[in-house]
Amino acid sequence: MREGISRPVRKPTNPNFSSGPCRKRPGWSLQALDGAALGRSHRSKEGKAKLREVIDLTRAVLEIPADYRIGIVPGSDTGSVEMALWGLLGPRGVDVFAWESFGGDWVIDITNELNLEDRRVFQAAYGDLPDLGKAAPDRDVVFTWNGTSSGVRVPNADWITDDRSGLTICDATSAAFAMDLPWSKLDVTTWSWQKVLGGEGAHGMIVLSPRAAERLTDHVPRWPMPKLFRMVRKGLVTEGLFVGETINTPSLLAVEDAIDGLRWARDIGGLPALKARCQENFDRAAQWVSQSDWCDFLASREEIRSQTSICLKIVDPEISGDQALQAEVATAVTARLAEEQVALDAGAYRTAPPGFRFWGGATVEASDLAVALEWLDWCYHEVRKAARA
Ligand SMILES: Cc1ncc(COP(=O)(O)O)c(C=O)c1O
């Protein structure tokens, strides 16, 4: 291992590298929320206009087809995914693909809660992807576009056929606004506001293809449907939900913040600009990793590496094979990064292998990430030096 690494002089302009809630956009301040419809009803003309603006800006920035419905729903991304699972699954067999913690949660929902008998579960360990080619076109498919806790994403949607009869349900919470989402391949897509655009945790977004909307009315779930999950009333799709008439009360402060993030996204050049910012962050990380003799990506292959949740593992030959020691070192390094105020919340996800996770979404400046990684190098060597002394 290299010795004599000197303490970096520069610090990132912003030390926030959490993978959710994620860093606010450049230049954000509370004043950005001055126009919030606070103390007003979300059913007032003004309140509804705000919610409608979120939907319209979302459609414009993400280039969502006009015949896809976009709704704002309760319970952040979890709420959106679960309303899709509860509302749509049942009439067909389901294939569920998981390779980290969040995808694993949807496996638990399908297996233990919904108890769907005709299910096939395809799971892979942290760092890998299951064989997506196993997805059957006549079955429903549930998957995560980007596994935030392992930094592994699907490389594309080529494995989803255009003439499928099943529905695809995609948790895209750390992919939306960062990666291309081919709408023709996705029947249900979900995310929250707290990720790539740096919004607030609170509400979820759900996007339904025309076929997903058809399923809503063709099929009556055989389990009870709480009000929070209902997208159908008297046999018809609740169309109001898709123009901003939310199921229950949203936070109009969080709504204003979502509008602020979306306007920023639009004004910097929309999806191509957001993607470019994420790619630049990833490229800086890849460059740093390529020069490191103790650290590597957790994702095993280049084409499945996430541009947003950049997950790193320790490959230092001196401690390789000793998972407990690696965990101890990773915890000490993460604490040191925070103490130095150079990278906050940069530890690996609690159920992931020991290591680090730096958010590389569009709100992060590449120069800040590059500097934070210099500090990671220095902190790692300091922690190891102290352990050896
Ligand atoms: C892929 C994925 N799914 C689901 C969730 C849960 O999201 P929320 O807390 O917004 O419900 C997260 C949170 O990080 C996530 O990354």
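Under our numbering, the first residue of the sequence shown is numbered -11, with each subsequent residue one higher. Ideal Cβ positions, reconstructed from N, Cα and C, are used throughout, including at glycine.
| query | result |
| --- | --- |
| Whole-angstrom distance between Tyr114 and Ser355, CA atom to CA atom | 28 Å |
| Given Glu233 as reference, the closest of Trp87, Arg254, Ala37, Leu204 once Cα atoms are compared | Ala37 |
| Sufficient close CB pairs (3 or more, under 8 Å) joining the stretch 220 to 235 to the stretch 3 to 18 | no |
| Separation of Arg80 from Pro208, as counted between CA atoms | Here residue 208 is Val; the residue named in the question, Pro, does not match the sequence. Their Cα atoms are separated by approximately 13 Å. |
| Residue of Leu174, Arg141, Trp276, Thr46 minimising C-alpha distance to Arg152 | Leu174 |
| Beta strand (DSSP E) runs wholly inside the stretch 36 to 108, at least 3 long, in chain order | 57 to 62, 82 to 86 |
| Asp65 versus His191: straight-line alpha-carbon distance, rounded | 7 Å |
| Proximity of Leu325 and Ala334 at Cβ, strictly below 8 Å | yes |
| 8 Å Cβ cutoff met for Ile157 and Leu73 | yes |
| Asp128, enclosing beta strand (DSSP E) - first and last residue | 128 to 132 |
| Contacting residues, own chain, Cβ-Cβ under 6 Å from Tyr368 (five flanking each side not counted) | Val321 |
| Candidates Leu300, Ala201, Arg372, Val359: closest to Val317 by CA position | Arg372 |
| Cutoff 8 Å; reference Glu188; Cβ partners in own chain excluding five residues on either side | Pro9, Trp181, Gln182, Ser239, Leu241, Ala242, Asp245, Ala246 |
| Closest by C-alpha distance to Arg289, when choosing among Leu117, Ala374, Val330 | Leu117 |
| The stretch 29 to 36 contacting the stretch 140 to 155, beta-carbon criterion three pairs below 8 Å | no |
| Exposure of Thr46, with buried meaning 16 or more beta-carbon neighbours within 10 Å | buried |
| Whole-angstrom C-beta distance between Leu120 and Phe85, which should lie under 8 Å | 6 Å |
| His191 - containing beta strand (DSSP E), residue span | 191 to 196 |
| Span of the alpha helix (DSSP H), counted from its first residue to its last, around Phe270 | 258 to 279 |
| For Asp333, three-class secondary structure by DSSP | coil |
| 6 Å Cβ shell around Ser137 - same chain, five flanking residues per side excluded | Glu88, Ser89, Tyr337, Ala340 |
| Spatial distance of Val130 from Asp83 (CA atoms) | 6 Å |
| Residues of its chain near Arg127, where Cβ-Cβ distance is below 7 Å and the 5 sequence neighbours each way are ignored | Arg80, Gly81, Val82, Asp83, Gly154 |
| Check whether Gly139 and Ser294 have beta carbons under 8 Å apart | yes |
| Closest residue to Trp366 among Ala350, Trp252, Cys283, Leu204 (Cα-Cα distance) | Cys283 |
| Paired residues, beta bridge with Ser29 - DSSP | None, per the DSSP bridge assignment. |
| Simplified DSSP assignment, three categories, for Trp171 | helix |
| Beta-carbon gap between Leu77 and Leu102 smaller than 8 Å | yes |
| Top-ranked residue by Cα proximity to Val184, from Met213, Asn236, Thr296 | Thr296 |
| Distance, Ile43 Cα to Phe230 Cα | 8 Å |
| Check: Ser180 C-beta below 7 Å from any heavy atom of ligand 1 | yes |
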